[in-house]
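Below is one structure, written out as structure tokens; the observations come after it.
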Amino acid sequence: MVYDAPHERWTHFLPRVLFGLVGTHLIVVAVEEDAMREFALAVVIAVVLASQAHGAEGGKPGAASAVTLDKQRMCVTVDGKPFFPIGACYISPKYMKECADAGFNVTIRWGLQFGPQGRDLTEAKAKGGDGAVRAYLYPYLDAAQQAGLRVMEFPALFHFGWNYGDPGFPESFAKFLEGRLALVVSAVKDHPALLAYYGPDEPDCYYAGRDEWRQQLRTYYEIIRRTDPAHPVYTLFDGGGEGRPVPVAKWVETYDVLGHDHYPAPGAKPLLPVYHDVALHAEFAHKNGRPYWHVPLLDPCRWNRPYLPGEQRLQIYLTLIGGANGVIWWVWPPRTPETWLTVKQLAGEMRDLSAVLTEPPAPTNVTWSPPHCRNTVQVRAIRHEGRTWLITANAAAMPVKVRFNLPGVVGGRAKVWFEDREIGIVARILEDRFDAYARHVYEVPGQWTPDRPIELQVTLEAAPAEAEVCPPPVTSGANLIKDPGFESGANWKFTTGRDTAQQAQYRAETQSPHGGNRAVAIVRAGAIGHSVVAGEELVLKPDTLYLFGGWAKTMGVGEPVAEIYLKNLEGEPNWDRRAARTAYPMDFAPWRRYWTMFRTGAKPPRLQPVCGFSSRGLHEGKPGDHLADGTAWFDDMFLYEVPANVTNMVINGSFEGPEAARGWPLGWTTDWGDTTPGQIDRADAGGIWGLDESTAAEGRRSLRIVSPGFATPPSISGSNYPQAFHELAAGTRLAKDKPYVLSAYL
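Per my numbering, residue 757 is the first one in the sequence shown, and the count goes up by one each step.
In structure tokens:
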């Protein structure tokens, strides 16, 4: 490997530095003048090439593995054996062995972590031929092979510039196709660690010149397969499909394996749609003779908390139940100790299930009783070696009890994988309990044909009480909403568009309201309109800070959206983006409070409080693929003027509030040069970004950030220094031309 490090990346007082890697030895050449650079580069390359003469002839590796597509099993085979990919985008070489031991088997070369790219690759070719190109590309592949991982090579990393929105992108990508693409593929195609090629990342993000882009993607694919017919092309498409395969994903002539990413915001969006999206794209891929490898989120980049262990586990098992033929997390590293431990456990579980997960795909017929519990436990049945594996997961945020009526099993005992227990099956009935977001994997004696239904009888348990994660600021004064608890109902009006009374209903709810004697419920059964309960008109003060919200819970089927918002009666542009709109998932959770802070403009606004219930499956006002039936409850609405002494709009600005994960202050996040697993942690636990209880200007905590220094590889965004982002109160937007003061102790 040869790396030319320009002095701008270091300091103006250092010379230009050249690195060469010979085995495990590093060659460093300092060049004071740019005029000497060409000579020094040639020297380093010559030494690297000379060292390779002691290895495989000409720097060539040993025999590559045979990777083929099995269109019956819908998987790839490696040296004739079915292979279920379990990986992440860019596993650092330092952690490859630990990942492989845990159960990972794939990594993707990714991002800016690899120093020189296209320009240097071309220079290496010019100076040292094919051997120099291999020396440049092999270290990551060699490290993976030594650890026991396989690699998806990312040739487009060596493009001339990666910006789909650049007007010059089509021309520069065409230039890349003419030369560097084949150069990369030729160099790595015989490496034993190579599994597949990754092909332009999320190509559906490029909208200009679609016909031209489709042809370029086809050319990308054809050049790779012509240069290396022994390895498939995997293309990942963006998650913007809105309930159906993204249009560009239908260009099946441009890939061998289909990928799709889905990144629900932790705690803000439901996880059940992961199952629907995976099932949709897996079905599409399989109909076209392609495996489907799903890309879930390893750790959020900018949201204010990570996935909790139960959420991470649920999204992976919903992915498996949906029919994915591989799982590749985006992107390394897991930033908290809890996430690091959880993904290693999940990788191990998928490794242990690989023989089951690579069986030919078959549908699973499931019915739920009562029907409104369809959004709770999800099931996939896989027949393997004379038995049936039931992969199950509870998508509800509350515990449930389930009776499985199995069509082909009279009795016996079912092994529960990963839990060291068995369950008896009596008269075809298997009974078990699921905690919120829990998974169970049953190995059941016997098999049945896929058309015979598994009948689930679901009993909902009482949802445990929840501590409010982030309560709103303390306020005083009058609640400006009339009849906020719906005790009389006289101040609220129900409308449902073109739906009939049988499709959408409004009723008072006296069973378990949040407060008082009543709540309000919107019940939908086959509705396609937007069902709302609207309160009386309000006129607010100009240039004033307000706190708005209410309590709600939901239960039902499909993919609904329940909302609490303030409707602007004067049609002010961009109002909903500026203030007071909250959406939350249907997840069978207990009562939760949703709130936001906003500041009015110069003109006194006329507003109306609204509770709404509609379907995510509506596309341009027409029924979509995921219509929603069920019930949404609302209670104890509020709208307060925020007094002048409660004006800190930064959530958890003192770091004394709740933790999103250990050491991670709620409302804060980071986007910088991620370095090691578990780097976000408390200071006393060795975290390099996290809470410190040994030092504080006020209170008992501060946020401690340790700069890892310039030796740290840059993050995907190219940042190479630690930073922290603060979050304003949910939905908050600062007013134009309004002075604000930001202060902090350092």
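Cβ coordinates follow ideal geometry from the N, Cα and C atoms, glycine included.
- For Ser1110, the enclosing alpha helix (DSSP H) stretches over residues 1110-1113.
- DSSP, read as helix, strand or coil, puts Tyr1321 in strand.
- Listed in chain order, the non-local C-beta contacts of Trp1007 below 6 Å within the same chain comprise Arg970, local neighbours out to five positions each way being set aside.
- Per DSSP, Met852 lies in no beta strand (DSSP E); the unbroken alpha helix (DSSP H) holding it starts and ends at 852-858.
- Annotated three-state conformation of Ala1275 is strand, per DSSP.
- Apart from sequence neighbours up to five positions away, the residues of its chain that approach Glu1326 with a beta-carbon distance below 6 Å are Arg1362, ordered along the chain.
- Leaving aside the five residues that flank Gln1213 on each side, the residues in its chain whose CB is nearer than 6 Å to its CB run, in chain order, Ser1125, Arg1159.
- With fewer than 16 other Cβ atoms inside 10 Å of its own Cβ, Ala1358 counts as exposed.
- Separation of the CB atoms of Ala1103 and Gly859 is rounded to 3 Å, and the pair is thereby assigned contact status at 8 Å.
- The residue among Tyr954, Asp994, Cys961, Phe993 with its C-alpha nearest the C-alpha of Arg981 is Tyr954.
- Under DSSP, Pro1052 forms no beta bridge with any residue.
- Under DSSP, Lys1006 shares a beta bridge with no residue.
- Segment contact: the region 1125-1136 against the region 1166-1185, fewer than three CB-CB distances shorter than 8 Å; contact not assigned.
- The secondary-structure analysis by DSSP pairs Tyr1350 across a beta bridge with Gly1306.
- Scanning its chain for C-beta atoms nearer than 6 Å, with the 5 sequence neighbours on each side dropped, one finds around Asp994 the residues Glu958, Asp960, Cys961, in chain order.
- Counting along the chain, Lys931 sits inside the alpha helix (DSSP H) bounded by residues 925-934.
- A check of alpha carbon separations from Gln902 across Val1112, Asn861, Thr878, Val832 identifies Asn861 as the nearest.
- In this structure, Met908 is the residue among Ala1277, Pro1020, Met908, Gly1066 with its C-alpha nearest to the C-alpha of Leu992.
- If you check the CB distance, Met830 and Gly904 do not come in under 9 Å.
- The region 1415-1423 makes no contact with the region 1345-1359, as fewer than three CB pairs between them are under 8 Å.
- Look at the region 1155-1225 and you find these whole runs of beta strand (DSSP E), each 3 residues long or longer: 1156-1161, 1167-1173, 1177-1182, 1185-1190, 1195-1201, 1210-1216.
- Ranked by how close their Cα comes to the Cα of Val1288, the residues Leu913, Ser1370, Asp886 have Ser1370 in first place.
- The residues Gly1291, Pro1365, Met1393, Phe1394, Leu1395, in chain order, have a CB closer than 7 Å to that of Ile1237 in the same chain once the five nearest residues on each side in sequence are set aside.
- Here the alpha carbon of Arg1208 sits roughly 13 Å from the alpha carbon of Gly1202.
- In the structure shown, Arg974 adopts helical secondary structure according to DSSP, grouped into three states.
- Within its own chain, the residues whose Cβ lies closer than 7 Å to the Cβ of Pro1093, once the five positions on either side in sequence are excluded, are Arg1418, Gly1434, Asp1437, listed in chain order.
- For Lys837, no alpha helix (DSSP H) segment is defined; the enclosing uninterrupted segment is the beta strand (DSSP E) at 837-839.
- The Cβ atoms of Thr1010 and Pro1062 lie no closer than 9 Å to each other.
- Ranked by how close their Cα comes to the Cα of Thr975, the residues Asp946, Leu950, Phe932, Lys1025 have Phe932 in first place.
- Secondary structure of Leu1498 (DSSP, three-state): coil.
- Taking 8 Å as the upper bound for CB-CB distance, Thr1114 and Ala1277 are not in contact here, some 46 Å apart.
- The criterion of a C-beta distance shorter than 9 Å is satisfied by Tyr1321 and Gly1368.
- By the 16-neighbour rule on beta-carbons within 10 angstroms, Gln828 is exposed.
- Residue state for His1128 is assigned as helix, using DSSP reduced to three classes.
- Each residue's CA atom was taken as its position, placing Leu1296 and Asn1408 some 27 Å apart.
- Its chain contains Ala1439, Gly1443, Trp1445, Gly1446, Leu1447, Asp1448, Thr1451 as the residues whose beta carbon lies nearer than 8 Å to that of Arg1460, once the 5 sequence neighbours on both sides are disregarded; these appear in chain order.
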